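Residue numbers (our numbering), protein chains in the order written: chain A, 215 to 530; chain B, 215 to 530.
Backbone N, C-alpha and C fix where the C-beta goes; we use that ideal spot for every residue, glycine too.
Just so we're clear, the structure is a prediction, and the values are computed from it rather than from any experiment.
First the structure, in the form of structure tokens, and then the observations on it.
Next up, the structure:
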């Protein structure tokens with residue numbers, strides 16, 4: 215074993231575990247394997263070491279076992295290429311009649327212990343250390359399509375090379391001081407990879423959709439149930455108005471929430487929807503969300519509503 | 215791929231990531247590999263399938279790829295044998311002059327998707343589903359030396375065969391209703407494996423040890439810092455008295471907290487200590503904790519204090 219400074223990349227499909235419960239097992243494996251194969255091709259072309267597939271999650275090392283000069287830079291470029299490759303992955307997945315996948319990525323640079331880890335009969339090249347856990351935590355703040363990198367990785371790559379979307383101040387567990395994480399949307403120079411800047415357009419719903427929601431904070435589901443309504447809709451998210459006066463009814467940014475809608479037509483509560491609260495300022499009593507997992511019935515309903523709204527709103 | 219009902223066991227070493235930062239890398243790898251080898255021998259003898267080593271963590275399947283009639287029962291027996299085997303693991307680790315390891319285990323039974331998962335060039339037998347995530351969450355409630363099983367696993371094995379320590383009602387993220395989890399300390403019948411019932415003895419400190427602590431709730435470290443003092447000490451934990459009148463200064467059971475002590479002799483704050491709040495009733499303004507990670511200086515200090523107290527308190 216040795217202690218070495220490397221750049222770690224982790225990715226996973228937002229909401230895939232929930233989605234997987236609704237699909238036949240063959241489809242689950244077909245989707246994951248198609249997705250992992252595409253990502254593995256990208257990662258290999260950037261000389262990343264795939265340390266682990268865990269379900270739909272991937273752990274990639276840049277700088278181990280072989281150190282190269284531009285490891286942090288290649289890790290960020292690889293993440294951008296992975297996000298860009300999701301477009302063709304999703305074309306295939308939609309051709310199969312399934313909902314597109316949304317991947318979140320976290321990247322961090324730091325000292326960890328690397329070595330052949332395992333039992334006598336089964337060892338593999340593995341990693342241990344706080345910086346590995348921190349990378350997973352950074353990834354957990356991402357929404358679908360996002361790449362979040364730590365301050366350390368940013369300094370290693372240099373700001374001048376990167377297009378930075380937004381800075382977020384977070385305090386992950388096990389870290390003494392709050393840290394800045396950066397949403398990266400492009401890299402210049404030899405890699406020259408840029409994500410499409412998709413500004414989400416939130417359109418006013420002509421009729422609000424009633425909802426109930428609970429705030430999922432950390433390990434425990436908080437014992438709270440709030441009423442509210444969706445008042446705007448985008449292709450991926452919504453603006454929620456809380457019906458409660460309590461400040462505790464407004465979840466903090468990055469918090470995950472669970473929602474059920476009461477569509478006026480049916481009067482029946484929908485199945486569970488999961489969403490993450492966006493870091494997007496709004497007047498008090500409201501918050502923006504991005505969906506991370508939607509049951510098919512909800513997807514059909516909201517997609518139809520959004521298409522309908524956007525067809526009327528082109529010139530607004 | 216196929217959907218199959220299996221029993222899942224996950225384990226990890228409490229606080230090992232923090233410990234690993236303080237040790238030379240060779241020692242980290244030596245300790246992990248010695249520990250994993252011992253556990254792998256136990257798991258294999260109970261016909262468990264080791265799906266994954268992740269650092270110091272292990273993911274074991276009972277019922278995949280091969281279903282056997284008594285999978286849940288064998289999983290529980292295996293967990294007990296693993297905890298019992300930690301005694302000889304720790305004898306070796308203490309012979310190396312290092313602090314003993316404490317392992318937590320979670321077990322759950324449910325339907326998941328199993329299959330050959332991965333990219334074209336790299337597939338392995340893997341698992342996907344909510345029940346896998348739930349097992350990790352159950353494990354996260356454990357303190358060192360504990361085995362926690364879900365209600366489903368309990369029903370499959372049957373209460374009559376098990377010695378149950380304590381029931382805990384928890385609400386992990388992604389689960390609709392709170393669930394019961396059970397601390398298992400023994401299994402009768404053909405396996406006949408029982409953990410030593412170590413009642414922790416908390417002894418009054420003759421002089422309270424001042425402390426500051428923060429409550430680590432979920433992903434974010436709460437922005438709070440409380441003052442208090444250790445008023446009792448056990449071999450593995452302490453009773454903390456909060457100096458604050460605020461109810462928010464008393465963390466909920468199972469919450470992880472970070473502490474720093476102000477030993478009266480030095481006047482300097484110790485390095486970070488991590489602990490989990492125990493499910494042990496106590497009067498208001500107080501809470502019991504079990505340490506999950508202690509810097510060596512703190513271990514030396516508290517071990518000496520406890521030895522001193524226990525030598526005086528034998529007949530109290």
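Closer than 9 Å at the beta carbon, the chain A residues around residue i
i, result
"residue 344 of chain B", "231, 232, 234, 235"
"residue 285 of chain B", "Correct list: empty, because the minimum Cβ distance to chain A is about 19 Å."
"residue 503 of chain B", "Result: empty, since nearest Cβ-Cβ is about 16 Å, beyond 9 Å."
For residue j and residue i, believed in contact at Cβ under 8 Å, the rounded distance
i, j, result
"residue 516 of chain A", "residue 453 of chain A", "Rounded, the Cβ-Cβ distance is 13 Å, inconsistent with contact."
"residue 331 of chain B", "residue 267 of chain A", "6 Å"
"residue 501 of chain B", "residue 465 of chain B", "6 Å"
"residue 219 of chain B", "residue 277 of chain B", "7 Å"
"residue 467 of chain A", "residue 493 of chain A", "4 Å"
"residue 395 of chain B", "residue 378 of chain B", "In fact, because the Cβ distance is near 11 Å, the residues do not count as touching under 8 Å."
"residue 490 of chain B", "residue 504 of chain B", "6 Å"
DSSP three-state assignment for residue i, whether helix, strand or coil
i, result
"residue 348 of chain B", "helix"
"residue 420 of chain A", "strand"
"residue 519 of chain B", "helix"
"residue 249 of chain B", "helix"
"residue 510 of chain A", "helix"
"residue 239 of chain A", "helix"
"residue 163 of chain B", "Given that chain B is displayed from residue 215 to residue 530, the structure contains no residue 163 of chain B and the question cannot be resolved."
"residue 291 of chain A", "helix"
"residue 462 of chain A", "helix"
"residue 524 of chain A", "helix"
"residue 267 of chain B", "strand"
"residue 369 of chain A", "helix"
"residue 452 of chain A", "strand"
"residue 489 of chain A", "strand"
"residue 353 of chain B", "helix"
"residue 256 of chain B", "helix"
"residue 375 of chain A", "helix"
"residue 412 of chain B", "coil"
"residue 217 of chain B", "strand"
"residue 443 of chain A", "strand"
"residue 301 of chain A", "helix"
"residue 224 of chain A", "strand"
"residue 498 of chain A", "coil"
Cβ-Cβ distance between residue i and residue j below 8 Å
i, j, result
"residue 376 of chain B", "residue 401 of chain B", "yes"
"residue 290 of chain B", "residue 321 of chain B", "yes"
"residue 164 of chain B", "residue 252 of chain B", "Residue 164 of chain B is absent from the structure shown; chain B starts at 215 and stops at 530."
"residue 506 of chain A", "residue 358 of chain A", "yes"
"residue 344 of chain B", "residue 235 of chain A", "yes"
"residue 264 of chain A", "residue 256 of chain A", "no"
"residue 259 of chain B", "residue 319 of chain B", "no"
"residue 215 of chain A", "residue 240 of chain B", "yes"
"residue 315 of chain B", "residue 249 of chain B", "yes"
"residue 428 of chain B", "residue 472 of chain B", "yes"
"residue 232 of chain B", "residue 488 of chain B", "yes"
"residue 407 of chain B", "residue 295 of chain B", "yes"
"residue 455 of chain A", "residue 499 of chain A", "yes"
"residue 307 of chain B", "residue 245 of chain B", "yes"
"residue 367 of chain B", "residue 221 of chain B", "yes"
Interface residues of chain A facing residue i [CB-CB closer than 8 Å]
i, result
"residue 267 of chain B", "331, 332, 333, 336, 338, 340"
"residue 316 of chain B", "By Cβ distance, chain A contributes nothing, its closest Cβ being about 17 Å from residue 316 of chain B, past 8 Å."
Within chain B, partners of residue i - CB distance below 7 Å
i, result
"residue 288 of chain A", "Simply none; closest approach about 19 Å."
"residue 219 of chain A", "Neighbours of residue 219 of chain A on chain B: none; closest Cβ ~12 Å, over 7 Å."
Cα-Cα separation, residue i to residue j
i, j, result
"residue 508 of chain B", "residue 281 of chain A", "33 Å"
"residue 285 of chain A", "residue 371 of chain A", "9 Å"
"residue 298 of chain B", "residue 409 of chain B", "7 Å"
"residue 293 of chain B", "residue 361 of chain B", "7 Å"
"residue 387 of chain B", "residue 525 of chain B", "44 Å"
"residue 439 of chain A", "residue 334 of chain A", "50 Å"
"residue 602 of chain A", "residue 352 of chain A", "Residue 602 of chain A is absent from the structure shown; chain A starts at 215 and stops at 530."
"residue 242 of chain B", "residue 356 of chain B", "23 Å"
"residue 238 of chain A", "residue 484 of chain A", "21 Å"
"residue 434 of chain B", "residue 350 of chain A", "Confidence in residue 434 of chain B is poor, its pLDDT being 49 and thus under 50, which makes the residue's placement unreliable; the coordinate value appears in the next sentence. The straight-line gap from Cα to Cα measures roughly 13 Å."
"residue 510 of chain A", "residue 441 of chain B", "50 Å"
"residue 342 of chain B", "residue 478 of chain A", "35 Å"
"residue 496 of chain A", "residue 430 of chain A", "21 Å"
"residue 288 of chain B", "residue 348 of chain A", "35 Å"
"residue 183 of chain A", "residue 283 of chain A", "No statement about residue 183 of chain A is possible, as the shown extent of chain A runs from 215 to 530 and does not include it."
"residue 421 of chain A", "residue 228 of chain A", "29 Å"
"residue 323 of chain A", "residue 217 of chain A", "13 Å"
Chain-ordered chain A contacts of residue i [CB-CB under 7 Å]
i, result
"residue 215 of chain B", "239, 240, 242, 243"
Contacts of residue i in chain B (Cβ-Cβ under 8 Å)
i, result
"residue 368 of chain A", "Ordered by position in chain B, no residue passes the 8 Å Cβ test against residue 368 of chain A, which lies about 21 Å from the chain."
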